[in-house]
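Position in the sequence shown counted from 1, then plus 724, gives you my numbering.
Where a beta carbon is used, it is the ideal one built from N, C-alpha and C, also for glycine.
In this text the structure is predicted, and so the values were computed from the model without any measurement.
For reference, the structure is listed below as structure tokens.
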Amino acid sequence: MEFITRLVVTAAATAVAVWLVPGVELTAVDTADKVITLLVVALIFGLVNAFIRPVVTFFSGCLVLITFGLFLLVINALMLELTSWAAGTLGLGFHVEGFWPAFWGSVIISIVGAALGALLDPDRA
């Protein structure tokens, strides 16, 4: 149940990023396609963050320490760009135009995801 909740929260946070950030685009035709695309993109984003992000963070540990953790924002943006590439490879209607839309999109996904997660499960906050 926790997996599905996280998936839906990430999909909703991604929808907010699509709505707010120019350059983060969802090109699905109807509402059902949009929902399915957002759920699959959330799944891809979760897999990227679970498997690739720790490796990138490990190898860029010095940069993370030198910048007092601010480089993690860059890593988050790169993970969103990687998600966009994977979604494009799978033929999904999700695309991120470049680094800055990925940067702001990842910031919004993080903030909205944390807020929704705290609302749905106040014991975890």
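query	result
For L744, three-class secondary structure by DSSP	helix
Local conformation of V820 per DSSP, three classes	strand
Test item: CB-CB of V831 and V740 under 8 Å	no
Selection from V753, P746, V764 and D754 that minimises the alpha carbon distance to A736	V764
Where L789 falls: helix, strand or coil (DSSP)	helix
Top-ranked residue by Cα proximity to I776, from G841, D757, E805 and R730	E805
For L750, the three-state DSSP class (helix, strand or coil)	strand
Cβ neighbour criterion (16 or more within 10 Å) applied to L814	exposed
The alpha helix (DSSP H) enclosing S808, as first and last residue numbers	F795 to T813
Residues near I768 by beta carbon distance below 7 Å, same chain, minus five either side	T807, A810 and A811
Host alpha helix (DSSP H) of P778 (start-end)	R777 to F783
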